[in-house]
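Protein chains in written order, with the numbering used here: chain A, 31 to 367; chain B, 3 to 349; chain C, 713 to 1042.
Heads up, the beta-carbon is just placed ideally off N, CA and C, and yes, glycines get one too.
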């Protein structure tokens, strides 16, 4: 039994212009202590997935069908009061923009203590001590002084650390990080990613890292799910995805990223076309209109996910045609020397 | 691969191999449709049309305007004709003289709203009053809009000291007492108006002219402030910077980039100016500062009816109802316009 | 780099030459008190015709301000800007310069007027500089430009908000090309786009450069993109230039301590390399440009900092052939 089991999740936004199918049949399992990366571009549904798990979707979005089981308990269908027991306590989330996630009228000490007081049995003094402890843990110097400061007095990197402290104050089982470093400078990003990895090892929690940056995935994720327009294209270990991408979309992504080690400035191979309009989803594979190797069947029907390696699954008709798919998990290959 | 162990190849499923042929560009393009083109205006108007309350208000306004301008042309009574025998008749009541006429076999058009203390048909006076009120409202709104836009855009575009000085002037004007100025003005220009060559000015009277002047002097400030605010926020937009980088002159930037993006704000404020102007005019006329006898405006009618409130309440009710309808309709229409043009609602 | 005291004579080999550029903004920091925000402080560089100079740095480093100041969108507080052998920072009439030097903006959503059709947006430069005689000519030019950037000419009467981010950026690029400029400042042109679209736009910029012999100043914070498209790269920090060298040289053998940590912080999309990478994680945060440290601006966070670094700001000097850096300790 996995820590988190998501089965066939469908989440849509019912707007006045129509139904926007943000997540279309997503399934995955998250094991204890693992770092799972969900990578995709805008409109891929990766953030909506996170919000669906915690049921913090904004109107007019809602979970249409599917199951989300946390520690073998079904989350879909829980009341808001029941979900509040879990949010910030068992499953926490940190967002992209720490400025808008922190309340400018409260000190950061207050906000940290709020989470602690809400979910644990500590009294005010103990909560304050725990807050200071958390700030120290996330690498903020002079935490006793800092708890009296306000959000606007801190820099972007520091605010993100405070967010992480708030998220981890109650020692959750899962930390969801929704593009936590996208708004930060690259040197600060390096600090924050290292911090997350460090804390993950110390506290043993599972992490879901949502990002569009393949570099971030390569740096800290064990397993990766590649999403496009609400569906999973490919999933597997980080090594499998980076070194043998099978789905045409994943391959296209890899080819279009400039390589830092390429001194010859080889021409990039972009993915043609424009991102899909989620209001008018085609019947088949959502990536097909942009795919160089699209076949007629791709436009008609979505491929199912099949094993393409010991640690890898892909939902691509091209893979099926090439004969590298299997309905059963293949044996582990010997590592090439 | 070292060993092709029995891969349960899904290709063994019964799928037509034809489908595995490469898809053509056309087939792919068919899947990608671009949404139909709508300009901002059309999109806003579409939203407005969906708003039932706004549509009802619009129809009401049109109806009122039609009545006010068309009915007097064929109505059997005029607003000046006095008839001492038919004073203070209730609605649909006939005077003795008229009753005799009917008995003789003539048809007498009923007094739908009765008559006033001088025997004038009240309905036509109310309709005429509506016409005056609407005209005053629209004219005043026009003055406010034109002055407000020009002032506000200059202030907003140039910013800095120019803006500071212009806005301080606005602050000063804001704090002037409008009613007092109307009174002073109408006293001051009384002579000039009565000896004026222009027939129009003489007919309007000192009170009316001073209302127009006051609107031109005082009431544009709110519009100017709002236009300036819009201009300031547009100034920060990158497309204005892009235009500068291209080498566009300030005149071109204001004309092509800033004003069009203010249009929605201007329309909304303009729509709100009209009821405000009408209300102000009614209020001033009620105080006796507006139109002069015998020209009726809704405010003056209401004022005249004050004394007769106990005995002939309908004389106050009708003009008050008319003011209420007009102002309410414009306000609701203005609300509807604001909702229609507000870009935040666009999804 | 020439000695500051000697009067500057432009070198015809270079299209753009910038010397000691300064851009200070007075900021209200209290009642009746203003502090100078030193966005750009004594920056000098040259760009050859047909070259792409990449400008990288983190937030607050002043790279965007450099781009805008060169295009005279702000009046420079100090320094000289020479374009095609003529000084342009002290000129009042910049019409001709504006025709030859254009900008592509970062945000495809706010850099296009939502009330204008694509045709009008793209044609604005030729409208302003009156570069056509008849309406037909204008229309032809618009179609030509749209085709050049890969847009369907049927969409010329549509409005900007109907296009995706990548397409809007193409519209912006078409607009920048309309007046047949020689020099284009690309201010983070792909940062707001999805990864799969970035490659399209990057390729297009390269193709256009090859076709029209354009010169680019490419400002971005994504180092892998900058490395790909640039011939040379300059690194900025808090308004100062820290290092400048050829793209390969700077990314492979950075010499300035800041550049070294910057390069090591870039996440590489390769798990094996990423895991082995020795990252130099800088302590602390980037200081605000309102309070630039004394001496070398990087000195509070630098591992090699000495007393000298806190006293005097190092000047750019050639530390290897074609490789310049501003550091006392190389």
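Taking the alpha helix (DSSP H) that residue 264 of chain B belongs to, which residues open and close that run?
First-last of the alpha helix (DSSP H) with residue 264 of chain B: 261-288.
Could you run through the segment 326-342 of chain A and flag, in chain order, every residue whose CB is less than 8 Å away from some CB of chain B?
For the segment 326-342 of chain A, which is checked against every Cβ of chain B, the residues closer than 8 Å are 326, 327, 328, 329, 330, 334, 336.
Is the beta carbon of residue 67 of chain A closer than 7 Å to that of residue 284 of chain A?
Contact: no.
Quick one, which of A:196, A:165, A:256 has its alpha-carbon nearest residue 144 of chain A's?
For residue 144 of chain A, the nearest C-alpha among the options comes from A:196.
Under the assumption that residue 215 of chain A contacts residue 938 of chain C (Cβ atoms under 8 Å), give the Cβ distance between them as a whole number of angstroms.
Rounded, the Cβ-Cβ distance is 15 Å, inconsistent with contact.
Going by beta-carbon coordinates alone, are residue 323 of chain A and residue 303 of chain A separated by less than 7 Å?
No, the Cβ-Cβ distance between residue 323 of chain A and residue 303 of chain A is not below 7 Å.
Measure from the C-beta of residue 50 of chain B to each C-beta in chain A and report whether the shortest distance is under 7 Å.
Chain A, which has no Cβ nearer than 7 Å to the Cβ of residue 50 of chain B, makes this no.
Taking residue 130 of chain A as the reference, which of A:169, A:189, A:221 has the closest Cα?
With distances taken between Cα atoms, residue 130 of chain A lies closest to A:189.
Measure how close the beta-carbons of residue 256 of chain B and residue 155 of chain B come, nearest whole angstrom, since I'm counting them as under 8 Å.
The pair is a contact, with the Cβ atoms about 6 Å apart (cut-off 8 Å).
Tell me residue 1035 of chain C's beta-bridge partners as DSSP assigns them.
Beta-bridge pairing links residue 1035 of chain C to C:1032.
Using CA coordinates, which residue listed in C:734, C:820, C:782 is at the minimum distance from residue 952 of chain C?
Ranking the options by Cα distance to residue 952 of chain C, first place goes to C:734.
To the nearest whole angstrom, what separates the beta carbons of residue 981 of chain C and residue 43 of chain A, a pair I think is in contact under 8 Å?
The Cβ separation is near 31 Å, so there is no contact.
Would residue 264 of chain A pass as a contact of residue 348 of chain A if the rule is Cβ separation under 7 Å?
Not a contact, by the Cβ cut-off of 7 Å.
Check each residue of the segment 904-926 of chain C: if its Cβ is closer than 7 Å to any Cβ of chain B, include it; give the result in chain order.
Result list empty, no residue passes.
Shortest alpha-carbon distance to residue 343 of chain B belongs to which of B:50, B:31, B:20?
When only C-alpha atoms are compared, the closest one is B:50.
Helix, strand or coil: which one does DSSP assign to residue 1025 of chain C?
Correct three-state label for residue 1025 of chain C: coil.
Express the C-alpha separation of residue 943 of chain C and residue 249 of chain A in angstroms, rounding to a whole number.
So the alpha carbons of these two residues sit roughly 28 Å apart.
So which residues on chain C does residue 254 of chain B lean against when the C-beta distance must stay under 8 Å?
Going along chain C in sequence order, the residues near residue 254 of chain B (Cβ under 8 Å) are 840.
Residue 60 of chain B lies in the alpha helix (DSSP H); which residues open and close that run?
Note, residue 60 of chain B: alpha helix (DSSP H), 54-76.
Which value, in whole angstroms, describes the spacing of the CA atoms of residue 23 of chain B and residue 903 of chain C?
So the two alpha carbons sit approximately 37 Å from each other.
Of the residues that make up the segment 259-281 of chain A, which ones have a beta carbon closer than 8 Å to any beta carbon in chain B?
Answer in chain order: no residues at all.
Report the rounded CA-to-CA distance for residue 271 of chain B versus residue 872 of chain C, giving the unit in angstroms.
The alpha-carbon atoms of residue 271 of chain B and residue 872 of chain C are separated by roughly 26 Å.
Enumerate, from N- to C-terminal direction, the unbroken alpha helix (DSSP H) stretches of 4 or more residues contained entirely within the segment 69-119 of chain A.
With a minimum length of 4 residues, the continuous alpha helix (DSSP H) runs that stay inside the segment 69-119 of chain A are 76-84, 110-116.
Relative to the C-alpha of residue 393 of chain A, which residue among A:183, A:125, A:292, A:306 is closest?
With chain A covering only 31 through 367, there is no way to say anything about residue 393 of chain A.
Going along the chain, which residues of its own chain have a beta-carbon closer than 6 Å to the beta-carbon of residue 9 of chain B, five neighbours each way excluded?
Only weak support exists for where residue 9 of chain B lies, its pLDDT of 47 falling under 50; the value from the coordinates is given anyway. Once the five neighbours on either side are set aside, residue 9 of chain B has no close Cβ partner at all.
Would you tell me roughly how many angstroms separate the C-alpha atoms of residue 213 of chain A and residue 330 of chain A, rounded to the nearest one?
If you take the alpha carbons of residue 213 of chain A and residue 330 of chain A, they lie about 39 Å apart.
With C-beta atoms as the reference, is residue 236 of chain A less than 7 Å away from residue 33 of chain A?
Cβ atoms of residue 236 of chain A and residue 33 of chain A: closer than 7 Å.
Using beta carbons (cut-off 7 Å, strictly below), is residue 732 of chain C in contact with chain A?
Closer than 7 Å: no.
Between which residues of its own chain and residue 178 of chain B is the CB-CB distance below 7 Å, once the five residues before and five after are set aside?
Only 220 meet the Cβ criterion.
Just the chain C side, please: which residues come within less than 8 Å of residue 247 of chain B by C-beta, in chain order?
Result: 783, 785, 810, 814, 815.
Thinking just about the alpha-carbon of each residue, which of A:211, A:173, A:38, A:148 is nearest to the one in residue 977 of chain C?
That would be A:211, whose Cα lies nearest to the Cα of residue 977 of chain C.
Measuring only the C-alpha atoms, how far is residue 350 of chain A from residue 224 of chain A?
Distance between the alpha carbons of residue 350 of chain A and residue 224 of chain A is about 39 Å.
DSSP three-state call for residue 184 of chain B: helix, strand or coil?
Three-state result, residue 184 of chain B: helix.
Would residue 288 of chain B and residue 313 of chain B be called neighbours here (beta carbons separated by less than 7 Å)?
The answer is no: Cβ separation not under 7 Å.
Taking the alpha carbon of residue 240 of chain B as the reference point, which residue from C:875, C:785, C:961 has its own alpha carbon closest?
Checked all of C:875, C:785, C:961; the closest Cα to residue 240 of chain B is C:785.
Taking buried to mean at least 16 other C-beta atoms within 10 Å of its own C-beta, is residue 754 of chain C buried or exposed?
Buried, since its Cβ has 16 or more Cβ neighbours within 10 Å.
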